[in-house]
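Here is the structure we will look at.
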């Protein structure tokens, strides 16, 4: 098979999902092409959407949340118009590529493909992969062959949004294979140059380093003992990394920018603090690590946090000081941490990417 995976350059999570699916299909000998759907838009408009998303996300999260909540209650007409405007170009490009199927890991390409089918006669099978623990605004505008959703308990929400029940497949959110294996903690710490004794807290807030990370670093530093370590990952946010290095320097602290060793740092940690992004939270639960969630972005991530906490997969608190206090309490309660990990091991023991691969092969009549 030749598979086209369409992502959207509005954050690292969708690209990570695309990478996980590409890894799965290529491991079985199939061809994969991963494209940013914004490439089908005029360059200026694509930059506006991508850079505007990043700007709102980092600088105006409350405004971002208001926009999300508005779209929950109103048909996102601008979104639909932009996606439909390039449906013809998209259709011709897909035909030239000779694809057997298209997988959309963002609502933009799903709407784009739906328009290509309805208006330009594209006949390829199309599949949607939800990357958050909710039915996002705009999903109801797409008409896909199958919808792969994060959890069986979310099926009713997708049905209320107009998705046919017989097209829903609860597989989980795909993560790369390195997040499905769990290296013993001492081994991970040795590989990273971290002490094997003491406790390790990992603080990471997405690829863009969003949220009150500087305040959290200061608050968490107060609960560390001599043997503990706090690892802070700032992603692509270089200014944030520089501020934390200047204001919170100490021998108990390791401050990183972007790292390709996130899976190892998760293995090394006793407790992980992160924002409510769909992909990062899914990577953490697949590592079976206790997690405290930081409410950074209203709207979508609030839904993720609500789901994770309701199922006992994570905990949260209202502000950096409360989160640090809760972290200190939990780190002293080894019995609670152990039970927490048992819950995660029970509910996250398979591979969503492998399940999606199997479902698509079955739908296309291809041997898996």
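In UniProt numbering, the protein residues as written are 1 to 368.
We put the CB at the ideal spot given by N, CA and C, even for glycine.
Inter-residue spacing [alpha-carbon to alpha-carbon] between residue i and residue j
i: residue 272; j: residue 320; result: 14 Å
i: residue 276; j: residue 217; result: 18 Å
i: residue 94; j: residue 128; result: 16 Å
i: residue 333; j: residue 134; result: 31 Å
i: residue 324; j: residue 295; result: 14 Å
i: residue 31; j: residue 247; result: 48 Å
i: residue 90; j: residue 102; result: 12 Å
i: residue 263; j: residue 121; result: 43 Å
i: residue 124; j: residue 100; result: 7 Å
i: residue 370; j: residue 356; result: Because residue 370 is not part of the residues shown, which for the chain are 1 to 368, the question remains open.
i: residue 86; j: residue 345; result: 43 Å
i: residue 189; j: residue 180; result: 18 Å
i: residue 177; j: residue 287; result: 11 Å
i: residue 322; j: residue 329; result: 11 Å
i: residue 366; j: residue 167; result: 19 Å
i: residue 213; j: residue 317; result: 14 Å
i: residue 341; j: residue 230; result: 20 Å
Nonlocal neighbours in the same chain, by C-beta distance under 7 Å from residue i, ignoring five residues either side
i: residue 132; result: 278, 300, 303, 304
i: residue 97; result: 4, 33
Three-state class that DSSP yields for residue i in the structure shown
i: residue 122; result: coil
i: residue 107; result: helix
i: residue 293; result: strand
i: residue 307; result: helix
i: residue 258; result: coil
i: residue 234; result: coil
i: residue 139; result: helix
i: residue 74; result: With a pLDDT of 49 at residue 74, under the threshold of 50, the predicted position of this residue should be treated as unreliable, though the coordinate-derived value follows. Coil.
i: residue 154; result: helix
i: residue 348; result: coil
i: residue 224; result: coil
i: residue 31; result: strand
i: residue 101; result: strand
i: residue 129; result: strand
i: residue 176; result: coil
i: residue 253; result: strand
i: residue 182; result: coil
Among the options, nearest to residue i - alpha-carbon criterion
i: residue 194; options: 86, 331, 254, 313; result: 254
i: residue 243; options: 251, 256, 27; result: 256
i: residue 204; options: 108, 232, 186, 192; result: 232
i: residue 369; options: 331, 328, 293, 330; result: Summary: the structure shown does not reach residue 369, with the chain confined to residues 1 through 368, and so no result is reported for it.
i: residue 326; options: 266, 222, 308; result: 222
i: residue 353; options: 80, 23, 309, 10; result: 23
i: residue 219; options: 201, 236, 86; result: 201
i: residue 372; options: 171, 266, 245; result: Lying outside 1 to 368, the shown extent of the chain, residue 372 is not represented and no answer is given.
i: residue 104; options: 6, 235, 1; result: 6
i: residue 266; options: 183, 297, 343, 339; result: 183
i: residue 282; options: 10, 11, 78, 16; result: 16
i: residue 9; options: 29, 39, 28; result: 39
i: residue 143; options: 18, 162, 21, 287; result: 162
i: residue 311; options: 274, 343, 28, 317; result: 343
i: residue 41; options: 14, 80, 25, 20; result: 80
i: residue 274; options: 197, 211, 240, 241; result: 211
Other residues of its chain near residue i: CB distance less than 8 Å, five sequence neighbours each side excluded
i: residue 74; result: Residue confidence for residue 74 is low, a pLDDT of 49 falling below 50, so the modelled location carries little weight; the figure read from the coordinates is stated next. Excluding sequence neighbours, residue 74 sits near nothing in its chain.
i: residue 84; result: 111, 112, 115, 119
i: residue 70; result: The pLDDT assigned to residue 70 is 48, lower than 50, so where the model puts this residue is not dependable; a value taken from the coordinates is nonetheless given after this. Nothing meets the Cβ criterion.
i: residue 369; result: Outside the shown range of the chain, which is 1 to 368, sits residue 369, and nothing can be said about it.
Endpoints, alpha helix (DSSP H) assigned at residue i
i: residue 78; result: 77–85
i: residue 369; result: Given a span of 1 to 368 for the chain in the structure shown, any question on residue 369 remains unanswerable.
i: residue 285; result: 278–286
i: residue 188; result: 185–192
i: residue 370; result: With the chain represented from 1 up to 368, any question about residue 370 goes unanswered, as that position is not in the structure.
Bounding residues of the beta strand (DSSP E) (the contiguous stretch that carries residue i)
i: residue 37; result: Neither: residue 37 is in no beta strand (DSSP E) and is coded neither H nor E.
i: residue 148; result: 146–149
i: residue 201; result: 200–204
i: residue 2; result: 2–7
i: residue 17; result: Here residue 17 belongs to no beta strand (DSSP E); instead the alpha helix (DSSP H) covers 12–27.
i: residue 271; result: 271–275
i: residue 170; result: 168–170
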